[in-house]
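Following: one structure in structure tokens, then a few remarks.
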Ligand SMILES: Cc1ncc(COP(=O)(O)O)c(C=O)c1O
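Numbering (the working numbering), first residue to last: 230 to 528.
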């Protein structure tokens with residue numbers, strides 16, 4: 230969909246699933262994939278607004294999904310989100326509202342909006358009593374792990390170490406879940422977070438979801454101070470390790486990937502930064518074969 234990140238797999242899919250659910254709840258029968266773009270369904274979708282907060286990419290996915298199926302979208306972004314995201318969100322037909330200085334403040338604004346307007350709240354994070362939409366978002370991301378599994382299975386070549394960068398942990402949780410469930414050769418999984426927002430590590434240490442404090446990171450899409458409850462629960466059961474990286478580590482990784490012809494951002498390069506930091510230690514392992522996922526292209 231040319232949205233520039235893996236997030237298209239989650240938000241668009243979740244819009245489709247939630248739309249189908251609302252359609253079916255009205256006694257209209259089952260909505261098959263080929264029905265989604267029918268005029269009747271688009272007409273139905275027209276009155277639905279999907280609202281979310283975003284550091285950029287999740288909002289783009291929700292807006293693109295809403296646009297595709299004929300619905301409306303409203304996306305809350307903090308003052309820290311680059312202006313380029315704002316214009317790309319507008320191009321996807323979203324109403325964009327700047328709210329707060331942090332990602333968490335924009336989430337609070339989206340929650341309030343949904344409560345006041347009756348819009349459907351489609352967050353990528355999850356918390357107590359709010360899991361349905363984010364579970365769908367994460368289900369969408371599982372495609373990444375399944376495509377990787379097929380590739381590794383066909384070549385019979387498996388990574389020994391998988392580095393997953395995390396914001397609220399939706400991607401990391403979805404991929405770790407699929408690896409532990411479906412991959413026939415098991416790697417070490419390392420969750421990579423900015424050192425100013427290690428909410429998943431802190432939650433893992435505490436055995437419950439906790440909020441961390443920290444300065445603003447240059448890894449904008451990973452700068453989440455509170456984890457997704459679903460992601461935290463999965464990671465607690467998935468035998469993973471955690472590492473934090475600095476803004477400088479992320480810049481160095483971005484520059485390296487750029488030289489390799491993979492233009493990305495500090496958020497996109499964070500997995501690679503995690504690998505670089507652990508390289509001298511982990512590359513001692515026989516048959517060392519690391520996997521990193523570059524999660525977005527350069528902005
Ligand atoms: C490019 C990029 N990488 C990684 C992430 C982290 O995903 P999650 O918040 O699901 O942990 C995001 C989230 O927005 C992202 O946009």
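Virtual Cβ for every residue (Gly too), placed ideally from N, Cα, C.
Checklist entry - For residue 477, is the classification buried or exposed, using 16 other Cβ atoms within 10 angstroms of its Cβ as the cut-off for buried? => result On the chain shown, position 248 is the one that residue 477 refers to. So residue 477 counts as exposed.
Checklist entry - Around the Cβ of residue 255, are there at least 16 other Cβ atoms within 10 angstroms (buried) or fewer (exposed)? => result On the chain shown, position 26 is the one that residue 255 refers to. Burial is judged here by how many other beta carbons sit within 10 angstroms of a residue's own beta carbon; residue 255 has fewer than 16 and is exposed.
Next on the checklist: Tell me the DSSP secondary structure of residue 335 in three-state form.
Outcome noted: What you label residue 335 is simply residue 106 of the chain shown in a count that begins at 1. DSSP, read as helix, strand or coil, puts residue 335 in helix.
Next on the checklist: Taking 7 Å as the limit between beta carbons, can you name the residues of its chain near residue 456, skipping five residues before and five after?
Outcome noted: Sequence index remark: in the chain shown, residue 456 carries index 227 (1-based). Hits under 7 Å: 397, 398, 428, 429, 432 and 438.
Checklist entry - Should residue 291 and residue 238 be called a contact, given that it needs their Cβ atoms to be closer than 8 Å? => result On the chain shown, residue 291 is found 62 positions in, with the first residue counted as 1. On the chain shown, residue 238 is found 9 positions in, with the first residue counted as 1. With contacts defined by Cβ atoms closer than 8 Å, residue 291 and residue 238 do not form a contacting pair.
Next on the checklist: Considering just the uninterrupted stretch of the alpha helix (DSSP H) at residue 406, what are its terminal residues?
Outcome noted: As a working mapping, residue 406 is identified with position 177 in the chain shown. The continuous alpha helix (DSSP H) containing residue 406 extends over residues 399 to 411.
Checklist entry - Which ranges would you report for the beta strand (DSSP E) in the region 281 to 313 if only whole runs of at least 3 residues count? => result Along the region 281 to 313, the beta strand (DSSP E) occurs as fully enclosed runs of 3 or more residues at 301 to 306, listed in sequence order.
Checklist entry - Along the chain, which unbroken stretches of the alpha helix (DSSP H) at least 4 residues long are found entirely within the region 474 to 527? => result The region 474 to 527 contains these whole alpha helix (DSSP H) runs: 476 to 488 and 495 to 511.
Next on the checklist: Considering just the uninterrupted stretch of the beta strand (DSSP E) at residue 419, what are its terminal residues?
Outcome noted: Here residue 419 is taken as the residue at index 190 of the chain shown, counted from 1. Unbroken beta strand (DSSP E) run through residue 419: 417 to 423.
Item to check | Validate contact between the region 338 to 349 and the region 275 to 283 using beta carbons, cut 8 Å, 3 pairs | outcome: Three or more pairs of CB atoms, one per stretch, sit closer than 8 Å, so the region 338 to 349 contacts the region 275 to 283.
Next on the checklist: Extract the residue ranges of the alpha helix (DSSP H) inside the region 337 to 366, only unbroken runs of 4 or more that lie entirely within it.
Outcome noted: Along the length of the region 337 to 366, whole alpha helix (DSSP H) runs at least 4 residues long do not occur.
Item to check | residue 241 in three-state terms, based on DSSP | outcome: Position 12 of the chain shown, counted from the start, is the residue given in the question as residue 241. Looking at residue 241 - three-state DSSP - the assignment turns out to be helix.
Checklist entry - What residue does the beta strand (DSSP E) around residue 269 start on, and which one ends it? => result Here the question's residue 269 lines up with position 40 in the chain shown. Segment 268 to 274 is the alpha helix (DSSP H) holding residue 269; no beta strand (DSSP E) there.
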